[in-house]
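Here the structure comes first, spelled out in structure tokens, and everything after it is commentary.
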Amino acid sequence: MMISHFSHQHPLSPYQVELDHHDQKGDDHDHDHEDQMITICSGCELELISGSSAYKCNKPGCDFRLHELCSELPGEIRHASHPQHPLSLLFTPRYDFSCRACAGSGTAFIYSCTACRIDLHVSCSALAESVKRADHEHPLELVFSSKGKECCGVCGCSLMDGCWAYSCKECGNFGTHLECAAAEEEEEREETSLGSSKKE
Ligand SMILES: [Zn+2]
Ligand SMILES: [Zn+2]
Ligand SMILES: [Zn+2]
Ligand SMILES: [Zn+2]
Ligand SMILES: [Zn+2]
Ligand SMILES: [Zn+2]
Numbered sequence: 016m017m018i019s020h021f022s023h024q025h026p027l028s029p030y031q032v033e034l035d036h037h038d039q040k041g042d043d044h045d046h047d048h049e050d051q052m053i054t055i056c057s058g059c060e061l062e063l064i065s066g067s068s069a070y071k072c073n074k075p076g077c078d079f080r081l082h083e084l085c086s087e088l089p090g091e092i093r094h095a096s097h098p099q100h101p102l103s104l105l106f107t108p109r110y111d112f113s114c115r116a117c118a119g120s121g122t123a124f125i126y127s128c129t130a131c132r133i134d135l136h137v138s139c140s141a142l143a144e145s146v147k148r149a150d151h152e153h154p155l156e157l158v159f160s161s162k163g164k165e166c167c168g169v170c171g172c173s174l175m176d177g178c179w180a181y182s183c184k185e186c187g188n189f190g191t192h193l194e195c196a197a198a199e200e201e202e203e204r205e206e207t208s209l210g211s212s213k214k215e
């Protein structure tokens, strides 16, 4: 069954994601540089995990793909970081886009308050409100403005002033970058794809 999606001019068909290589479960990572056919979701710019359901464009030569969950993203959300207004799902912002959470840019879906010029990657908007790291005794909570003088407890680099971060309320001085907090358990990489964070 084909669907049409507001973000793309061609109809999309469902398919099962398959990768052209097999994940190596062993310890031997010598072959990491072999060409891995990783496909990226055109909505959230994250990897399409092998075996998951997704949509792709029917047009030959068109590489547009979406996670099933990304095809079903609500057109409007409320987010704790900006309680005043709803954020609308937009595609390919026309202006210079800087994510309020991670300061990164992007070319795919964002949630945006156009009145306040607040933009979020959809992946950043779906970040868990707290994470538990094996190397820290307390849960880390998502904070919407970090202090630039703090250093990331995982990688040691300074946190970006004003960006989101994960921070320990108990210790007060332990925080991590968004991506560093998620960099922990390799087996749970799927957590970084949209949707699985809230439901399970
Ligand atoms: Zn996606
Ligand atoms: Zn297309
Ligand atoms: Zn972001
Ligand atoms: Zn607003
Ligand atoms: Zn870090
Ligand atoms: Zn702590």
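Position one of the sequence shown corresponds to residue 16 (this note's numbering), numbered consecutively onward. Beta carbons: idealized from backbone N, C-alpha and C, even for Gly.
For Phe159, the closest C-alpha among the options Cys56, Leu81, Cys59 and Pro98 is that of Pro98. Assigned with DSSP and collapsed to three states, Glu152 falls in coil, not helix or strand. Excluding five sequence positions before and after Leu102, the CB atoms of its chain that fall closer than 8 Å to its own CB belong to Glu91, Ile92, Arg93, His94, Tyr126, Ser127, Cys128, Ile133, Leu135 and Ser140, given in chain order. For Glu87, there is no enclosing alpha helix (DSSP H), as DSSP marks it with neither H nor E. With contacts defined as CB atoms closer than 9 Å, Gly177 and Ser161 qualify as a contacting pair.
With a threshold of 8 Å, the Cβ atom of Gly121 does not count as near ligand 5, since no heavy atom of the ligand is closer than that. Going by DSSP, Ser19 is part of no alpha helix (DSSP H) at all; its letter is neither H nor E. A check of alpha carbon separations from Lys74 across Gly119, Gly58, Glu165 and Pro26 identifies Pro26 as the nearest. With respect to Val146, Cys59 sits apart: the two C-beta atoms are not nearer than 9 Å. When beta bridges are read from the DSSP output, Pro29 appears opposite Tyr70.
Under the criterion of beta carbons closer than 8 Å, His23 and Cys85 do not qualify as touching, at roughly 11 Å. Per DSSP, the beta bridge partners of Val158 are Ala180. The Cβ atoms of Val169 and Ala149 lie no closer than 9 Å to each other. Short note on Gly177: C-beta not closer than 8 Å to any heavy atom of ligand 5. Short of 7 Å from the beta carbon of Cys167, and not among the five residues preceding or following it, lie these beta carbons of its own chain, in chain order: Leu174, Gly190, Thr191, His192 and Cys195. Ligand 6 has a heavy atom closer than 8 Å to the beta-carbon of Glu152. For Cys139, the enclosing alpha helix (DSSP H) begins and ends at Val137 to Ser140. Not a single heavy atom of ligand 6 lies less than 8 Å from the C-beta of Cys166. When secondary structure is reduced to three states using DSSP, Leu63 falls in the coil class, being assigned neither helix nor strand.
Partner residues in the beta bridge of Glu91, as assigned by DSSP, are Ser103.
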